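J.: Can you keep this structure in mind? I'll have questions shortly.
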Amino acid sequence: MSFSVKQVADDFAASAATGVYYPPAWFDRLDMEQAWQVQHELLARKVAGGERHVGWKVGLTAKAIQDQFNVHEPVCGYLLESGMIASGSQGDASKLMSAGIENEICFRMATDLAGPNATAETARAAVAELYPAMELVENRGDFTAQLAVSLADNVQQSGFVLGPAMPLTDDFDIAAVNATVLLNDEQVGEGNAAAVLGNPFNSLAWLANKLAEVGQVVKAGEWVMAGSLTRQFPLKQDDHIRTVFSGLGEVEFSLT
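Just so we're aligned, residue 15 is where the sequence shown starts under my numbering, counting upward by one.
Structure below.
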């Protein structure tokens with residue numbers, strides 16, 4: 015089957031309208047570069063339709079996960095204003111497909127960050143604020159078997175939950191941040207920011223360098239979800255999840 019960005023995007027959009035987000039016609043037919051192009055085409059269509067693009071997410075930031083999926087770098091997706099959720103909010107479980115939560119540090123950009131030579135140091139200098147955050151994901155298909163299809167479909171992204179902002183100070187050691195996860199008031203997991211490419215600022219630098227390949231930059235004012243400190247936690251109706259980030263704050267979310 016030949017590849018046309020427009021045709022593949024048409025197929026993804028038509029399939030999603032029926033509730034099937036991973037179109038079977040494209041299973042095992044897309045490489046990661048093609049999937050990246052399709053993702054950007056679908057984003058452009060959403061923006062043209064009235065959605066507001068407000069930032070980016072980075073995934074597959076743990077080396078063990080990259081090895082599991084046989085990829086040599088992370089993946090990224092886009093964030094929409096319609097997906098912004100305040101900490102303490104409740105979501106409707108009936109509107110989500112196999113919901114899950116990943117526990118992340120979110121950046122708010124002070125200035126543009128451009129690749130292709132971004133580093134952890136230049137990334138840090140471009141950040142205004144940090145947020146304790148959760149990514150709300152939907153398992154809309156077989157992520158493991160169809161990674162490229164998932165990339166085209168925006169890497170499971172559904173929304174992002176933001177706790178209180180904290181200004182980034184010169185003495186803040188982001189790699190030392192620990193996350194403790196409580197599901198229905200029971201501790202179910204923990205993680206450390208070093209799991210995110212060794213340092214979440216490395217994740218932000220990678221994103222800027224990746225966007226440079228398509229002539230884009232991480233823009234001032236955008237939010238960036240840097241990657242999960244923990245495994246993904248399934249979330250079902252009537253669940254409440256709260257994550258405490260040492261030195262940063264906490265964030266919580268419920269499904270009803």
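All residues carry an ideal CB built from backbone N, CA and C; glycine is no exception.
Since the model is a prediction, treat every value here as computed from it, not as a measurement.
Curious, which full-length alpha helix (DSSP H) runs of at least 4 residues does the region 105 to 157 contain?
T.: 134 to 139, all fully within the region 105 to 157.
J.: Considering only residues of the region 63 to 109, which uninterrupted beta strand (DSSP E) runs meet the minimum length of 3 residues and lie entirely inside it, listed in chain order?
T.: As far as the region 63 to 109 is concerned, its whole beta strand (DSSP E) runs of at least 3 residues are 67 to 73, 89 to 94 and 98 to 100.
J.: For D187 and I119, what's the separation of their Cα atoms in angstroms?
T.: Here the question's residue 187 lines up with position 173 in the sequence shown. Here the question's residue 119 lines up with position 105 in the sequence shown. Using only the alpha carbons, I get a separation of about 13 Å.
J.: A76: buried (16+ other C-beta within 10 angstroms of its C-beta) or exposed?
T.: On the sequence shown, residue 76 is found 62 positions in, with the first residue counted as 1. Result: buried.
J.: In whole angstroms, what is the alpha-carbon distance linking A28 and W70?
T.: Translated into positions along the sequence shown, residue 28 becomes position 14. Translated into positions along the sequence shown, residue 70 becomes position 56. Whole-angstrom Cα-Cα distance: 24 Å.
J.: Where does D199 land, buried or exposed, given buried means 16+ other C-beta within 10 angstroms?
T.: For the purposes of this step, residue 199 is taken as residue 185 along the sequence shown, with counting starting at 1. Burial call: exposed.
J.: DSSP beta-bridge partners for A193?
T.: The residue labelled residue 193 in the question sits at position 179 within the sequence shown. A193 pairs with G205 and F259.
J.: Closest to V231 by CA distance: which of E87, V68 and E204 is it?
T.: Residue numbering aside, residue 231 sits at position 217 when the sequence shown is read from its first letter. Comparing Cα-Cα distances from V231 to each of E87, V68 and E204, the minimum goes to V68.
J.: Hey, could you find the ends of the alpha helix (DSSP H) V19 is sitting in?
T.: Residue mapping note: residue 19 aligns to position 5 of the sequence shown, counting from 1. V19 -> alpha helix (DSSP H) spans V19 to A30.
J.: Go ahead and label T32 buried or exposed: buried means 16 or more other beta carbons lie within 10 angstroms of its beta carbon, across all protein chains shown.
T.: Within the sequence shown, numbered from 1, the residue matching residue 32 stands at position 18. T32 comes out exposed.
J.: Based on Cα-Cα distance, which residue from V22, H254 and F247 lies nearest to H54?
T.: Numbered from its first residue, the sequence shown carries residue 54 at position 40. Ranking the options by Cα distance to H54, first place goes to V22.
J.: In whole angstroms, what is the alpha-carbon distance linking G261 and V191?
T.: Start at 1 with the first residue of the sequence shown, and residue 261 comes out as number 247. Start at 1 with the first residue of the sequence shown, and residue 191 comes out as number 177. The alpha-carbon atoms of G261 and V191 are separated by roughly 7 Å.
J.: Which partner residues does L176 have in the DSSP bridge list?
T.: Along the sequence shown, read from residue 1 onward, the residue named residue 176 stands at position 162. In the DSSP output, where bridge partners are listed per residue, L176 has A100 and A147.
J.: Please state whether DSSP places P37 in a helix, a strand or coil.
T.: Stepping through the sequence shown from its first residue, residue 37 is reached at position 23. Coil.
J.: Return the chain-ordered list of same chain residues with a C-beta closer than 6 Å to the C-beta of S268, the five sequence neighbours on each side being excluded.
T.: As a working mapping, residue 268 is identified with position 254 in the sequence shown. Excluding sequence neighbours, S268 sits near Q104 and H254.
J.: Leaving aside the five residues before and after P178 along the sequence, list all residues of the same chain whose C-beta is less than 6 Å from its C-beta, in chain order.
T.: In the sequence shown, counting from the first residue as 1, residue 178 sits at position 164. So the list reads G263, once near-sequence residues are dropped.
J.: Please report the residue range of the beta strand (DSSP E) in which S242 lies.
T.: Locating residue 242 in the sequence shown gives position 228, where the first residue counts as 1. Start and end: W237 to S242.
J.: For S268, write down the residues that DSSP places opposite it in a beta bridge.
T.: For the purposes of this step, residue 268 is taken as residue 254 along the sequence shown, with counting starting at 1. In DSSP, S268 forms a bridge with Q104 and H254.
J.: For P181 and R245, I'd like the C-alpha separation in whole angstroms.
T.: Walking along the sequence shown from the start, residue 181 turns up at place 167. Walking along the sequence shown from the start, residue 245 turns up at place 231. Cα to Cα, the separation comes out at about 27 Å.
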